[in-house]
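These protein sequences, in sequence, are chains A and B.
Residues in the first sequence are numbered from 7 upward in steps of one, following this note's numbering.
Residues in the second sequence are numbered from 746 upward in steps of one, following this note's numbering.
Think of the CB as a built atom: it goes at the ideal place given N, C-alpha and C, for glycine as much as any other residue.
Reading through the structure tokens given below for one structure.
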Amino acid sequence: MSYFNPVEVLDRERLEQLQLERLRNTVDRLYQQVPFYRGKLDEVGYRPGDIKSLEDLRKLPFTTKDDLRENYPFGLFAVPLREIVRIHASSGTTGKPTVVGYTAGDIKMWADLVARTIVAAGGTKDDIVHVAYGYGLFTGGLGLHYGAELLGATVLPMSGGNTKRQVRLMVDFGSTILCCTPSYALNIAEVMEEMGVGKEDIKLKSGIFGAEPWSAEMRAQIEERLGLSAHDIYGLSEVVGPGVSIECGEKNGLHVFEDCFIPEIIDPATGEVLPPGERGELVFTNINKEGMALLRYRTRDISRLIPGPCPCGRTHVRMERVTGRTDDMLIIRGVNVFPSQVEAVLMQIPGLSPHYQLVVDRVGSLDVLEVQVEVSPEIFSDEIKELEALQQRIADEIQSYLGVGVKVRLMEPRSIQRSEGKAVRVIDRRKI
Amino acid sequence: MKVRQISVFLENKSGRLLEVCRCLAKAGINIRALSIAETADYGVLRLIVDNPDLAMESLSRELFTVSETEVIAVEVPDRPGGLAEVLQPLYEANINIEYIYCFVEKSGESALVVFRVEQIDQAIGALQRAGFTVLPGEKVYSI
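Quick look at the structure:
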């Protein structure tokens with residue numbers, strides 16, 4: 007088996023020893039350097055040196071996105087600004103952006119993580135890595151870029167958008183690994199088909215897709231249409247960016263690089279750590295980062311940790327692919343609905359396009375969920391009764407799978423906005 | 746004896762029908778007959794044109810959702826009871842009609858009616874046996 011860094015196959019005992027040393031150093035350093043953490047740690051009665059085992063992590067306070075906002079912009083940095091060589095930030099569409107600073111050491115550590123992910127996805131230095139994640143404050147583009155360079159691959163810094171040009175250069179330059187969001191990968195596949203470029207005209211062998219939740223059905227469709235092996239990559243800028251975890255060739259969960267992050271699964275309501283294997287909110291603690299390290303950062307992503315060794319040989323624990331976020335969970339008439347669940351239902355109906363949007367509205371005091379799907383030529387029937395039967399079938403399947411009644415609206419092809427980064431799946435018109 | 750009908754999926758948005766017609770106009774295609782079936786959210790535009798191949802190609806290229814269906818065009822006497830006479834043999838042959846609509850142009854002294862049925866071959870046979878004229882596609886396109 008192939009890996010980038012020998013730490014990926016370190017035996018568990020030594021890995022946990024390394025984690026403990028790094029955790030102890032991180033917590034004590036944050037206590038000394040970051041007033042916010044000193045305050046929080048004082049509240050729980052922490053004294054430097056109190057971390058004696060990995061279990062002691064549970065005694066530490068959580069960090070939330072609100073904490074980052076309240077300390078905007080640089081309040082959580084653990085080094086003086088002159089040590090910071092790079093800033094990234096979230097888009098801030100739902101409030102103030104969250105800002106992250108990296109030291110020169112952090113940039114190297116991050117590139118190492120991303121190089122590991124490319125190797126796990128089957129990449130080598132001989133590959134041509136087509137980076138179609140956005141470049142800029144978003145961590146996706148530059149994150150993959152530095153990792154691919156460290157590996158020694160040839161990097162195409164495409165960024166997102168201008169999809170026809172992406173396809174042309176993919177053909178001309180012979181890109182072998184595509185890195186972008188899954189929704190953008192589908193957009194690329196669609197534009198390829200429109201341009202008359204077949205999957206035999208391109209050389210893609212694998213894809214590193216992430217930054218938004220996607221279903222297994224969507225993966226199958228991307229693999230089929232682009233003729234590649236799709237790997238889920240996970241990361242978030244607050245913790246480092248892409249490279250927190252990656253699917254290996256087994257595609258049964260994503261290995262969390264535990265020499266840099268300690269994952270936990272908690273009950274989002276109570277904050278209690280859940281027993282191994284249970285599903286809940288993912289929490290990460292940075293143990294190998296200088297510029298900004300977060301203790302028990304609540305990601306709001308829902309997953310579970312998969313216990314036991316992986317046939318690929320990596321010893322690092324796996325997390326299940328993220329199927330939703332606690333904050334894009336819709337509550338429709340009391341039923342919890344994740345967009346990825348609706349997606350899974352839609353993808354099982356042959357001929358439905360993977361482009362969809364959910365519109366939530368409140369009529370009187372009742373929540374109404376409208377599922378907008380595009381009518382492809384394959385499923386278009388000349389007869390209204392056939393189209394109505396299709397609408398009914400979609401609504402019935404969603405009802406039986408999710409337990410919520412929906413209105414299905416058939417749309418013309420390409421009327422749902424195409425993603426060039428993160429797809430907008432939900433429009434909430436409820437004024438609550 | 747079958748006529749090629751082109752169907753276009755249209756959302757109920759102002760200007761969509763105009764865009765279809767503009768697309769056909771640009772390609773120099775003449776519409777011989779049309780009808781629209783509608784629901785609250787969308788409609789299906791059904792067209793018979795002089796050049797079905799070119800129409801399919803032009804509409805697909807502009808990313809309209811199109812499909813082709815076979816229909817029959819029948820000459821119906823232009824007088825009271827004319828349509829009833831045509832429907833009688835279909836009823837007797839137990840053929841269910843999905844929808845019908847009329848041509849703008851006449852064929853000589855007769856009106857031209859488009860029928861969509863499931864058992865298209867049986868319908869053609871029943872109509873011909875009853876003495877009605879079922880027009881071949883080529884003749885309909887060039888009316």
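DSSP, reduced to helix, strand and coil, places residue 413 of chain A within a strand of the structure shown. A Cβ-Cβ separation of about 6 Å places residue 120 of chain A in contact with residue 150 of chain A under the 8 Å criterion. Scanning its chain for C-beta atoms nearer than 8 Å, with the 5 sequence neighbours on each side dropped, one finds around residue 60 of chain A the residues 22, 25, 26, 29 and 268, in chain order. Cβ contact annotation for residue 170 of chain A (same chain, cutoff 8 Å, sequence separation greater than five): 197 and 201, in chain order.
Neighbours of residue 192 of chain A across chain B, judged by C-beta separation under 9 Å, do not exist; the nearest C-beta is about 16 Å away.
Taken atom to atom, the span from the alpha-carbon of residue 178 of chain A to that of residue 186 of chain A is near 19 Å.
Contact of residue 267 of chain A with chain B is not assigned, every C-beta pair being separated by 9 Å or more. The beta carbon of residue 39 of chain A sits closer than 6 Å to those of 84, all from its chain and outside the five residues before and after it, given in chain order. The beta-carbon distance between residue 420 of chain A and residue 755 of chain B, rounded to whole angstroms, is 14 Å. This is too long to meet the 8 Å contact definition. The C-beta separation of residue 763 of chain B from residue 779 of chain B comes to about 14 Å, leaving the pair out of contact by the 8 Å criterion. Between residue 180 of chain A and residue 134 of chain A, the gap from beta carbon to beta carbon is short of 9 Å. Looking at the DSSP output, residue 330 of chain A bridges to A:308. In this structure, residue 820 of chain B places its C-beta atom within 9 Å of the C-beta atom of residue 856 of chain B.
Nearest CB-CB separation between residue 360 of chain A and chain B: not below the 9 Å threshold.
Rounded to whole angstroms, residue 224 of chain A and residue 353 of chain A show a C-alpha spacing of 7 Å. With a minimum length of 4 residues, the unbroken runs of alpha helix (DSSP H) contained wholly in the region 48 to 95 of chain A fall at 71 to 76. Using a Cβ-Cβ cut-off of 9 Å, residue 393 of chain A counts as an interface residue toward chain B, since at least one Cβ of chain B sits closer than that to its own.
Inclusion of residue 752 of chain B and residue 789 of chain B in the CB contact set at 9 Å is warranted, their separation being smaller than that value. Counting only Cβ-Cβ distances below 7 Å, residue 754 of chain B has contacts in chain A at 381, 386 and 418, in chain order. Ranked by Cα distance from residue 389 of chain A, the first of B:815, B:870, B:847 and B:839 is B:815.
Nearest in C-alpha terms to residue 207 of chain A, of all of A:192, A:176 and A:320, is A:176. Per DSSP, residue 868 of chain B is one residue of the alpha helix (DSSP H) stretching across 865 to 874. Residue 881 of chain B sits exposed, since fewer than 16 C-beta atoms from the chains shown fall within 10 Å of its C-beta.
Counting of Cβ neighbours within 10 angstroms places residue 887 of chain B among the exposed residues, the total staying below 16. Residue 214 of chain A places its beta carbon 9 Å or farther from that of residue 260 of chain A. Beta-bridge analysis with DSSP links residue 160 of chain A to A:134. When DSSP reads this structure, residue 362 of chain A sits in a beta bridge with A:379. Minimum Cα-Cα distance from residue 250 of chain A among the listed residues A:242, A:11 and A:257 corresponds to A:242. Excluding five sequence positions before and after residue 834 of chain B, the CB atoms of its chain that fall closer than 8 Å to its own CB belong to 871, 872, 874, 875 and 877, given in chain order.
The CB of residue 415 of chain A comes closer than 7 Å to the CB of 786 in chain B, given here in chain order. Inter-residue distance for residue 382 of chain A and residue 166 of chain A is about 25 Å (C-alpha atoms, whole angstroms).
Against chain B, the CB of residue 243 of chain A has no partner CB under 9 Å away; the residue lies outside that interface. Less than 9 Å separates the beta-carbon of residue 123 of chain A from that of residue 248 of chain A.
Cβ neighbours of residue 783 of chain B within its own chain (closer than 6 Å, five residues either side excluded): none. Put simply, the backbone Cα of residue 416 of chain A is about 23 Å away from that of residue 191 of chain A.
For the 9 Å CB-CB criterion, residue 94 of chain A and residue 144 of chain A form a contact.
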